[in-house]
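Those letters in the sequence shown? Residues 51 to 419, per the numbering used here, in order.
All remarks here apply to the structure that follows.
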Amino acid sequence: MKELISTSTMDEHPILIIGVQTPQNRSIDSQSYLQEFRNLVLSSGITKYEEYTTKLRSVDSSYFFTQGKLEEIIALCTKHHIEEVVISEPLTPQQERNLDELLSTPIVDRTALILRIFERGAQTAEGKMQVEMAFLHHKKTRLAGKGISLSQQGGNKGAKGPGETKKEIEARHLERQINKLTADLVQLQKVRETQRKRRTTLGIPHVSIIGYTNAGKSTLLNAITKSTVLAENKLFATLDTTTRELFVGGLKRGTISDTVGFIQNLPHELIEAFKSTLIDLQYASLLLQVIDLSDANYQNHIRVVKKILDELGVIDKPMLYVFNKADLVEKTPEVLADELAQYQPHVVVSALSKEKLAPLIAFLSSWKA
Ligand SMILES: Nc1nc2c(ncn2[C@@H]2O[C@H](COP(=O)(O)OP(=O)(O)OP(=O)(O)O)[C@@H](O)[C@H]2O)c(=O)[nH]1
Ligand SMILES: [Mg+2]
Numbered sequence: 051m052k053e054l055i056s057t058s059t060m061d062e063h064p065i066l067i068i069g070v071q072t073p074q075n076r077s078i079d080s081q082s083y084l085q086e087f088r089n090l091v092l093s094s095g096i097t098k099y100e101e102y103t104t105k106l107r108s109v110d111s112s113y114f115f116t117q118g119k120l121e122e123i124i125a126l127c128t129k130h131h132i133e134e135v136v137i138s139e140p141l142t143p144q145q146e147r148n149l150d151e152l153l154s155t156p157i158v159d160r161t162a163l164i165l166r167i168f169e170r171g172a173q174t175a176e177g178k179m180q181v182e183m184a185f186l187h188h189k190k191t192r193l194a195g196k197g198i199s200l201s202q203q204g205g206n207k208g209a210k211g212p213g214e215t216k217k218e219i220e221a222r223h224l225e226r227q228i229n230k231l232t233a234d235l236v237q238l239q240k241v242r243e244t245q246r247k248r249r250t251t252l253g254i255p256h257v258s259i260i261g262y263t264n265a266g267k268s269t270l271l272n273a274i275t276k277s278t279v280l281a282e283n284k285l286f287a288t289l290d291t292t293t294r295e296l297f298v299g300g301l302k303r304g305t306i307s308d309t310v311g312f313i314q315n316l317p318h319e320l321i322e323a324f325k326s327t328l329i330d331l332q333y334a335s336l337l338l339q340v341i342d343l344s345d346a347n348y349q350n351h352i353r354v355v356k357k358i359l360d361e362l363g364v365i366d367k368p369m370l371y372v373f374n375k376a377d378l379v380e381k382t383p384e385v386l387a388d389e390l391a392q393y394q395p396h397v398v399v400s401a402l403s404k405e406k407l408a409p410l411i412a413f414l415s416s417w418k419a
């Protein structure tokens, strides 16, 4: 499976995007995975690119791609005068550096691509700090992989002692920035903790909307609370947590919040950066997991969400599966019922229309925290 699609007019900064099917993501629908990668690329602000897709039977530890594929990629880069290569998978620092040298272009891997989207997105002070934290954590992993180029002795005045390398100085500086940001985030966390304690004392239930990116979480929050959180067909449109009062049938039922979405192959350092808000999920009375039922990979998305929740220590929480975008699904009710039987309890809705949200409203009306 190999093809080259061109959307570029080649009159500007030529970019090559490479969608890769690896042994790790073999079990998932490749077309939907590729579409998700294109969405990531578009969400990062790139509008024109050359596209190359390929399947790897094994991943090379030094160059990621095997010899034959590398030759094809080099030929493409030369032919199209490529100035940047974007790859759908996360790379190790060594793979990134080797490819950068071999292709003589900057390499943007999955993590860096997601970071670019993050950079464009956060609005609140806390959101911005978390994005900054994600950058610092990523920089730290890249620094750890840096070898020769930074390991010569730095002659800077003010360097701690003789023999300290540039790499050590940079690492120390990064560590200081991370510690400072962590302290600031802990301060903000305290504010939320106070709000949470107040809720608990007053017995106010809290509902958290979670799920894969672009599933319709913000659309759902807007529909059931009349708020106006930005919802768009873009990955990671939401980076800030929004909390609203939840009214069902005219009665106040508690509070509800919407937060950053998850994605497959989300690098650990990015989860780490958002931990201070995601950790709040541990205190939710109910999780609403929104799922884009129209995506061929929706079952895989549910597995991804489960894995991240486990990683965050959010285990055994009451959860309702909210299968969304039912308007885009053409399966018969029988086929659907069969497919969804394993996810209990669940509702099937369409957050775009009030009427099609009825099953969720009905669930929340009878829900007891
Ligand atoms: N057809 C259809 N589209 C929907 C539905 N719900 C949401 N969408 C669309 O799906 C896209 C993503 O919706 P969002 O609400 O931004 O999704 P999200 O889960 O908040 O996404 P992130 O914040 O990026 O993680 C938007 O273009 C919505 O209009 C639905 O029920 N049907
Ligand atoms: Mg959102």
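Glycine residues also receive a C-beta, built at the ideal position from the N, C-alpha and C atoms.
The structure presented is a predicted model; accordingly, all values stated were derived computationally and were not measured.
Any non-hydrogen atom of ligand 3 within 8 Å of residue i CB
i, result
"residue 311", "This structure lacks ligand 3; the ligands present are ligand 1 and ligand 2."
Beta-bridge pairing of residue i - partner residues as DSSP gives them
i, result
"residue 110", "114"
"residue 374", "342"
"residue 259", "308, 338"
"residue 302", "297"
"residue 71", "105"
"residue 358", "DSSP, once it has assigned bridges, lists no residue as partnering residue 358."
"residue 134", "65"
"residue 232", "According to DSSP, residue 232 bridges with nothing at all."
"residue 41", "There is simply no residue 41 to check, as the chain begins at 51 and stops at 419 in what is shown."
"residue 278", "None, per the DSSP bridge assignment."
"residue 10", "This structure cannot settle anything about residue 10, because the visible part of the chain is limited to 51 through 419."
With 16 other Cβ atoms within 10 Å as the buried cut-off, status of residue i
i, result
"residue 365", "exposed"
"residue 160", "buried"
"residue 251", "exposed"
"residue 229", "exposed"
"residue 86", "buried"
"residue 202", "In this prediction, residue 202 scores a pLDDT of 48, lower than 50, which makes its location untrustworthy; no coordinate-derived value is stated."
"residue 206", "In this prediction, residue 206 scores a pLDDT of 49, lower than 50, which makes its location untrustworthy; the coordinate-derived value is nonetheless stated afterwards. By the neighbour-count rule (16 or more Cβ atoms within 10 Å), residue 206 is not buried but exposed."
"residue 140", "buried"
"residue 236", "exposed"
"residue 403", "exposed"
"residue 264", "buried"
"residue 271", "buried"
"residue 301", "exposed"
"residue 181", "buried"
"residue 95", "exposed"
"residue 225", "exposed"
"residue 18", "In the structure displayed, the chain extends from 51 to 419; residue 18 sits before or after that span and is not available."
"residue 405", "exposed"
"residue 208", "Summary for residue 208: the model assigns pLDDT 48, below 50, so the residue's position carries little reliability, and this model does not support an answer."
"residue 363", "exposed"
"residue 30", "No answer is possible for residue 30: the residues shown for the chain start at 51 and end at 419."
"residue 273", "buried"
Option in the options with minimal Cα separation from residue i
i, options, result
"residue 124", "142, 146, 153, 143", "153"
"residue 98", "105, 261, 88, 106", "88"
"residue 310", "304, 299, 322", "322"
"residue 378", "114, 164, 237, 398", "398"
"residue 69", "112, 95, 129, 135", "135"
"residue 127", "67, 320, 267", "67"
"residue 318", "162, 90, 387", "162"
"residue 187", "223, 175, 174, 404", "223"
"residue 369", "91, 335, 244, 346", "335"
"residue 416", "146, 303, 333", "303"
"residue 411", "247, 389, 277, 338", "338"
"residue 62", "133, 105, 347, 257", "133"
"residue 373", "342, 104, 171", "342"
"residue 297", "239, 413, 389", "413"
"residue 245", "355, 330, 102", "330"
"residue 262", "84, 107, 316, 102", "316"
"residue 157", "142, 171, 326, 220", "142"
"residue 115", "150, 389, 345, 129", "150"
"residue 259", "328, 283, 83, 238", "328"
"residue 73", "106, 100, 92", "106"
"residue 285", "71, 168, 409", "168"
"residue 275", "175, 325, 401, 216", "401"
"residue 27", "243, 349, 76, 92", "Absent from the structure is residue 27, since the part of the chain shown begins at 51 and ends at 419."
"residue 177", "155, 234, 267", "234"
9 Å Cβ cutoff, residue i in contact with chain D
i, result
"residue 165", "No chain D appears in this structure, which consists of one protein chain only."
Any alpha helix (DSSP H) of 4 or more consecutive residues that is wholly inside the stretch 363-410: 383-390, all fully within the stretch 363-410.
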